[in-house]
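Engineer:
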Amino acid sequence: MLINITSIPISKRLLISVTALLLSGCSQKITSVNDTVRVAIKGTADIHKSTNTIAALPYASTYVRIDNQSQLFMVLALAESATGETVTTPSSKTSPPLLKWLASDHGMLVTQSGRIVKTVNLAAGNLSTTTSKTVDPLTLGLHLATTPTTWQRHIDWQPGYHNGYQLDSQFVFNQPEVLTINGKSVPVLRFSENVTVKQLDRHYSNTFWIEQRTGKVVKSQQYIAPDLPSVEMTILKPFG
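Here the sequence shown is numbered in the working numbering, starting from 163 and rising by one per residue.
(1) Hey, quick one: how far does the beta strand (DSSP E) through P299 stretch, first residue to last?
(2) Start and end of the alpha helix (DSSP H) containing I216?
(3) With a CB to CB cut of under 7 Å and the five nearest residues on each side skipped, what residues in its chain are close to E355?
(4) So what does A241 bridge to, in DSSP terms?
(5) According to DSSP, simplified to helix, strand and coil, what is L362?
(6) Which residues in the same chain as T251 place their Cβ atom closer than 8 Å to its Cβ, once the five residues preceding and following it in sequence are excluded?
(7) Are the segment 260-271 and the segment 281-296 in contact at 8 Å, needing three or more beta carbon pairs?
(8) Shortest alpha-carbon distance to E247 belongs to which of S290, K262 and V359?
(9) At 3 residues or longer, and completely inside the segment 269-293: list those beta strand (DSSP E) runs for me, N to C.
(10) I need the straight-line Cα distance from Q274 to P338, nearest angstrom please.
(11) Quick check: the Cα distance between H210 and G276, rounded to an integer number of angstroms?
(12) Please name the residue, chosen from D229, N344 and G377, that lies closest to A307 on a Cα-to-Cα basis.
(13) Can you tell me whether DSSP reads H324 as helix, strand or coil?
(14) Note down the Cα distance separating R227 from S382, rounded to an integer number of angstroms.
(15) Any idea which residues DSSP pairs K346 with across the strands?
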């Protein structure tokens with residue numbers, strides 16, 4: 163069956179082109195575009211890409227693990243401004259882009275300054291909205307002495323009608339570490355984000371590893387929402 167590629171949305175065309183590139187050297191016979199995407203991104207076991215493969219891709223990329231499931235390799239499908247315009251370079255310090263990481267089953271993680279702010283089509287449930295009147299300390303840089311160590315935001319999530327729940331965060335510095343990411347040693351500072359949801363009398367903790375020099379999040383372990391899975395992300399090739 164012939165596919166009219168012009169009828170496919172740009173973000174999907176980008177995903178297809180990336181996965182085709184990833185598999186260009188693979189000897190396994192791929193019978194359809196769906197098979198290509200499934201093998202390249204979803205897989206049945208932990209996926210590991212070589213340093214050369216990651217460097218050769220013209221797209222930002224990340225490893226993702228949801229709870230204890232297999233490690234995924236995902237690429238950046240789209241970067242948008244707060245007004246929905248496509249961007250090609252990082253925006254200002256207080257207005258970072260929304261990065262959309264797309265999976266084969268149309269599941270999506272949306273991050274901003276390393277924080278997951280929205281998810282789409284995840285099996286266990288989804289974070290639909292994140293809002294705050296103040297700038298996320300992750301955006302300002304946790305490595306700076308001037309950055310606030312407390313933050314408040316409101317989230318909506320599903321399943322159910324969980325709307326407008328207030329989350330209070332306290333950021334705590336843990337220790338310096340050295341991570342090995344994509345074959346390179348990366349000096350980082352590890353921070354815990356202790357989150358309280360007073361309406362549910364719930365407490366949980368997220369972890370962020372930020373690059374010592376720039377303050378950018380290079381790895382994180384964060385819960386999507388109360389009672390929803392945790393997501394581990396390791397940025398292999400950053401946007402911009």
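Glycine is no exception: its CB is placed at the ideal position from the N, C-alpha and C atoms.
Just so we're clear, the structure is a prediction, and the values are computed from it rather than from any experiment.
Structural biologist: This is what the structure gives:
(1) Here P299 belongs to no beta strand (DSSP E); instead the alpha helix (DSSP H) covers P299 to L302.
(2) T213 to A218
(3) S331, F333, S367, N368 and F370
(4) L261
(5) helix
(6) G402
(7) yes
(8) K262
(9) 270-274, 277-282 and 288-293
(10) 23 Å
(11) 21 Å
(12) G377
(13) strand
(14) 10 Å
(15) I343
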